[in-house]
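Reading through the structure tokens given below for one structure.
Protein chains: 4
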Amino acid sequence: MDNFYAPGKNHLFVPGPVNIPEPVIRAMNRNNEDYRSPAIPAMTKTLLEDVKKIFKTTTGTPFMIPTTGTGAWESALTNTLSPGDRIVSFLIGQFSLLWIDQQQRLKFNVDVVESEWGQGANLDVLAEKLAADRTHTIKAICIVHNETATGVTNNLATVRKLLDHYGHPALLLVDGVSSICALDFRMDEWGVDVALTGSQKALSLPTGIGIVCASQKALEATKTAKSVRVFFDWNDYLKFYKLGTFWPYTPSIQLLYGLRAALDLIFEEGLDNVIERHSRLGKATRLAVEAWGLKNCTQKEEWFSDTVTAVLVPPYIDSSEIVKRAWKRYNLSLGLGLNKVAGKVFRIGHLGNLNELQLLGCLAGVEMILKDVGYPVKLGSGVAAASAYLQNNIPMIPSRI
Amino acid sequence: MDNFYAPGKNHLFVPGPVNIPEPVIRAMNRNNEDYRSPAIPAMTKTLLEDVKKIFKTTTGTPFMIPTTGTGAWESALTNTLSPGDRIVSFLIGQFSLLWIDQQQRLKFNVDVVESEWGQGANLDVLAEKLAADRTHTIKAICIVHNETATGVTNNLATVRKLLDHYGHPALLLVDGVSSICALDFRMDEWGVDVALTGSQKALSLPTGIGIVCASQKALEATKTAKSVRVFFDWNDYLKFYKLGTFWPYTPSIQLLYGLRAALDLIFEEGLDNVIERHSRLGKATRLAVEAWGLKNCTQKEEWFSDTVTAVLVPPYIDSSEIVKRAWKRYNLSLGLGLNKVAGKVFRIGHLGNLNELQLLGCLAGVEMILKDVGYPVKLGSGVAAASAYLQNNIPMIPSRI
Amino acid sequence: MDNFYAPGKNHLFVPGPVNIPEPVIRAMNRNNEDYRSPAIPAMTKTLLEDVKKIFKTTTGTPFMIPTTGTGAWESALTNTLSPGDRIVSFLIGQFSLLWIDQQQRLKFNVDVVESEWGQGANLDVLAEKLAADRTHTIKAICIVHNETATGVTNNLATVRKLLDHYGHPALLLVDGVSSICALDFRMDEWGVDVALTGSQKALSLPTGIGIVCASQKALEATKTAKSVRVFFDWNDYLKFYKLGTFWPYTPSIQLLYGLRAALDLIFEEGLDNVIERHSRLGKATRLAVEAWGLKNCTQKEEWFSDTVTAVLVPPYIDSSEIVKRAWKRYNLSLGLGLNKVAGKVFRIGHLGNLNELQLLGCLAGVEMILKDVGYPVKLGSGVAAASAYLQNNIPMIPSRI
Amino acid sequence: MDNFYAPGKNHLFVPGPVNIPEPVIRAMNRNNEDYRSPAIPAMTKTLLEDVKKIFKTTTGTPFMIPTTGTGAWESALTNTLSPGDRIVSFLIGQFSLLWIDQQQRLKFNVDVVESEWGQGANLDVLAEKLAADRTHTIKAICIVHNETATGVTNNLATVRKLLDHYGHPALLLVDGVSSICALDFRMDEWGVDVALTGSQKALSLPTGIGIVCASQKALEATKTAKSVRVFFDWNDYLKFYKLGTFWPYTPSIQLLYGLRAALDLIFEEGLDNVIERHSRLGKATRLAVEAWGLKNCTQKEEWFSDTVTAVLVPPYIDSSEIVKRAWKRYNLSLGLGLNKVAGKVFRIGHLGNLNELQLLGCLAGVEMILKDVGYPVKLGSGVAAASAYLQNNIPMIPSRI
């Protein structure tokens, strides 16, 4: 049997991979198929149309690449930029750091704008750089919409405003891994040139599809981008899009059916309702943290994330112990603090196909764990605070009214 | 898509059918097989051996009948009794009532001992009847171990003591539908002659197997039992047991594999640990009910059930509204009040493959619903009371230490 | 791992349980649900409507009982008849024999009309009995539409004609276990009073639902039928039909979703196309048997079954060896010869969700096995004969044209 | 329902993605999990150990990259070579062509050795080139073990012998996509430096893991390889191997469990038995092709592939029609002819978790299709030829003896 078996459900509250809804698990429960039969292209066509909706784009071109978020990053960069290109990139946590590491290893000239972890991207510095860059040496702005390590959401609308204000032609590349399909994301409205996410995040699928969406401007940029690329080359996809067969190499049949089911569920709930639900879950979590007398790693309300909350623990507690204990005693999976905030924060992921009572079970668990590790929490306090808000705000389930 | 779709997991807290663990769902995810090949008898043999363990019997003979609990009842009665036989039967709630209805329709002479709903079987009356029955006209005592409608657990050890005290040879037939594999049940020690349960209860499987276990004395009784029976006839099974093919008609292949997986999980956790876990879940639920200022339908502690709690609501509230609202707003499934307690109680089933954080999520939900329907509950109070107990009592998960 | 593992697919050609289509396996891959929520009654309502279509009845009342075919038999008999009632029943093979055994044990006065195994029901004798029965002592005619042990299909239209001819009011009870949803079955047109099947047969589900359909006349008969019944009592169902909750006891959630999916597939293919497909599979199998120089157990073409073919082997071969070898060497599951034809026939089940290439793989396997056991078959001969017919008769797949 | 529904099983005989065994589908039927919990590293550790066995290496280092075969190729090249490096690469069909295309786009100096499609790699030319290359300008030999487009298996032992003969230090990079785990592949014995396969081929999983195995020499080469790489960088893996957490980014939880189950099945059968089974399936297919009077695209017996057979059709037939018809009429999936052999060949994939009766069903189907499209095949002839061989050579299933 299972080497790490525990009774009951695992309470999965890491910020990815997240809970897969039963209908999606069912849809993927299947044998392989010939991906060259008419069935797969027919389905792929609907997926490419529908996946644009979660980016809120009508003009973008999506690519569903058999890879992870890291591969999606690489695809965004290598298809649009050339080695040596100057890019402005914001370092605000572990995932923006890893992206910057990738940018540097891909030989770009990375102009790093660093913030303290727990703060958002410093857009004042961006403004200065744009203002100073009269000759448009900056080829791209790279920014994570939501930094998963610290629970910080950046303001993309402001980034666009700044670019427009300075009439700057830099491409806007956005990591939407822990935001798209959970937070309000508006590719067209914000003039995002490349946006990307991974299937295992708010789409609530297994890992395996990096979804990248490119603006017309980004597609144009591929023509001059000299970065070496083959597996990640969008042109290989575009060639097969034209042929109507769609796939330059073998896709995962199961993930395609899973994505179809996942999108169907999202549209059934309504994307805006999905976003609203994440807003409720985020708010409820923050109210609990406050009731526990703990601090959010995120320093200002404007950056609060509705998909992940990083909770600062007092100095006398090692946050890793909280995560270990959650798993060892309560069958609860929480996110570790990473790198600079290792030992200092633990993370509650509240994204994907998740409802309020699941979250409250998690919060009740966190309270017990806090007590386990010596923090003087009042049991029930966080749940009470979260419930008081939720009881006023949860809508009736439309299909059941 | 799903006509009643709601995001996130359904929180299933009816007292059956209960949550199926993922490894069991996986084990059942399969095509049919020839049940006459060597594979199925080989597995059946291990199931018949292992299923005895959950009845705590070494001398009993189990039958795994493709039916529900109602069919298992009928099997227990018709194999051991003849029309006109006098049986003493305890009416303490909806399920004992239904069994009695069956007993009467099967033409037995049913001597009904009724208690107020919320009380246990009146064993004083049993004592009187046994004392008076010098000629042994009573052929069987029929009793539910745990009345699912009211959350009342009867004391079977006392029943056995009374039978022994009066040297009475009546058969002891026990409905263990919502007890076996969750509450402490001791077939051999308590001299139970027929015990039965259904797969969809504490075994945490789909509905479809009525498991009936017969003592040697019960098997002996089949020889004189004149009740007409074919589908439910144990002798048809015994004939095939001897042949080593085990099945008089086609079993569900999927449920056999599911039962194998379910038993493996129970043995991996340890049956006594399973029972202990139910004790924790029951206790935690009752502490929450108390904190909410509500009454348990069960009137005395000696009858408290660790598998289901029926909660009395104030007269100005219709408990059915609580159940409806749970489903319509919170994706939470609670048990209705049935028959005499309809509108007066709602039920929290806490049996099967379930852990503490799942229960706390449910309790948090119940608090919000109570507020929804106008009961002045202090949000977080029940969760706090339950957590305080659980935080002191949950063991580390053995496989993860 | 699997104790009897073999690479590749198991080739399942027993006449039940049969292959489950992938979409149905997927539909059943789910947790339990509260069967008292609005979702389950809503689905049940559509199932009760749609299941009538496979019986070709508009006036019948269906019951989906958590049981096997044996239980469905018992339900048909006990709801419509009283102990001592005279019934005419045809013994033509193992399954009609078992039904007759049940009829006798249920205390009916069974007037057995026996045929040689391999022949159909002797309807001449029926005519004589009906003619002689001026006082209508015969209360019911019990007949299997398709005897699974010998591959004999009885002519139900003729039975109806005889009853009409003699103006005889006897009920017509039909075991359609290996016919309904595969052979042409016309409940209303043939005036069948009770028809029944099991989920694991042509519906291509797991075992677990006995589907019984009763005519108005049969429902009327329940009022006077004195056979003792509780679990199988249709009135308990009718009571819950009126309430709109449908279930007197807990159904299998998984099987309900599975049945929904199975019916959807059948209607997508078209019931008449399903029947046509079985006709092709039956014909192809018989052509192969002929090409091998073997005899069909069924003695006349009028009785040939399109769901199962029982193949007679020469006296120097034990047909059980064929079945064993099929499983041990080729991962092929064939049906044993039962009772009188044990050792003399092996059976190829060709019913349910099955296509022509699956059958040809089976036939190719049988050829090799025949050679293994010393029968001088010309390898490829059966496949050639079957293919020649099929290549002329398989239609294009409508969804793929 | 399914837009392209057809009754019965789909007969999947494309050379990838291939049939997934039921136990593997079951193992993958699960929710996501935290990949940073102890469970996933513990399982990953066993996978990395066990996966080496299918490469027949004890000294190699495996990488399980969330990508396809195309990505695995890129990983092999970029980790070991620098732009401008001279490599000798053999063009013998569509997949070697695509690899060469990748090599060129990755800026290597590709010395292409072309053969007619249907022939193996020209090793005489290799010998010449090695002989001439005194200064060791050739940095790597790139060769597909089995060209999936033409069904040609190259002789790797000879390649190694040549390298040794000339004392040439070039790296030996091998595409084993349609060979590893099906054909005899000996990484250590043949001194292969990088070998790779994809999960959707002989491992019989969904697409999604590119498995790459590197020799010590290949790992050494990473230190000087200047090709830009991040997502595919082995060093990122090695860093996490040292940490014992194994994953530089999120793996697919489902594929890890699936790979565990797939390896368990392969080891239960025995890798050499798996290879033997493929040998039987390949031989049987070729005998059928011969019996049909058709030619194998592969020109010499020494190159015959046991995983895929490309069948040449007469000039008056368009092989694409065969593939279309297979799908539209018989629910059979065959491989198209690609590029130079488009319209001229159709392919029968006979790799992965497949047994003999499945293949015979496919061959029977191909016969009917050949007749459909006007080729004068004798129905049954191919099946007869294949069966005659198989009936003499299929072993008993060990677990069932």
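Chains as they are written, first to last, in UniProt numbering: chain R, 1 to 401; chain Y, 1 to 401; chain U, 1 to 401; chain Z, 1 to 401.
Where a beta carbon is used, it is the ideal one built from N, C-alpha and C, also for glycine.
Fair warning: this is a prediction, and the values are worked out from it, not measured in the lab.
Strand pairing of residue i, partner residues [DSSP]
i: Z/H11; result: Z/L332
i: Y/S89; result: Y/V112 and Y/C142
i: Y/K295; result: Y/L312
i: U/W117; result: U/Q119
i: Y/G210; result: Y/I65 and Y/G198
i: Z/I348; result: Z/T309
Supposed contact pair residue j and residue i - C-beta distance, whole angstroms, cut 8 Å
i: U/E33; j: U/A42; result: Between U/A42 and U/E33 the Cβ distance is about 12 Å, and since that is not below 8 Å, they are no contact.
i: U/I87; j: U/V110; result: 6 Å
i: Y/L259; j: Y/S199; result: 7 Å
i: R/S252; j: Z/G208; result: 5 Å
i: Y/V383; j: R/V383; result: 5 Å
i: Y/R325; j: Y/V366; result: Y/R325 to Y/V366, Cβ: 10 Å. No contact.
Contact under 8 Å by Cβ, residue i with residue j
i: R/G60; j: R/A284; result: no
i: Z/V308; j: Z/L351; result: yes
i: Z/G210; j: Z/T67; result: yes
i: U/T150; j: U/G93; result: yes
i: residue 447 of chain R; j: R/S305; result: Residue 447 of chain R lies beyond the stretch modelled for chain R, which goes from 1 to 401, so this question has no answer here.
i: U/M396; j: Z/K328; result: yes
i: Y/A221; j: Y/T135; result: no
i: R/V112; j: R/G349; result: no
i: R/L332; j: Y/L265; result: no
i: R/L294; j: R/L271; result: no
i: U/N29; j: Y/N339; result: no
Any C-beta of chain A under 8 Å from that of residue i
i: Y/A261; result: This model lacks chain A altogether, as its protein chains are R, Y, U and Z.
Min CB distance residue i to chain Z below 8 Å
i: R/G16; result: yes
i: R/S179; result: no
i: U/A27; result: no
i: R/V144; result: no
i: U/K53; result: no
i: R/S381; result: no
i: U/S399; result: yes
Closer than 8 Å to chain Y by CB, residue i
i: U/R329; result: no
i: U/Q254; result: yes
i: Z/E22; result: yes
Chain U contact for residue i (CB, 8 Å cutoff)
i: Y/L176; result: Here the sequence assigns Gly to residue 176 of chain Y, which means Leu is not the residue at that position. No, no contact with chain U.
i: R/E269; result: no
i: Y/R105; result: yes
Cutoff 8 Å: residue i Cβ touching any chain R Cβ
i: U/R30; result: yes
i: Y/K9; result: yes
i: Z/G208; result: yes
(message) Which complete beta strand (DSSP E) runs does the stretch 246-275 of chain Y hold, if anything under 3 residues is left out?
(response) none
(request) Report the residue ranges of all alpha helix (DSSP H) runs contained in full by the stretch 28-93 of chain U; include only those spanning at least 4 residues, in chain order. (result) 39-55 and 69-80
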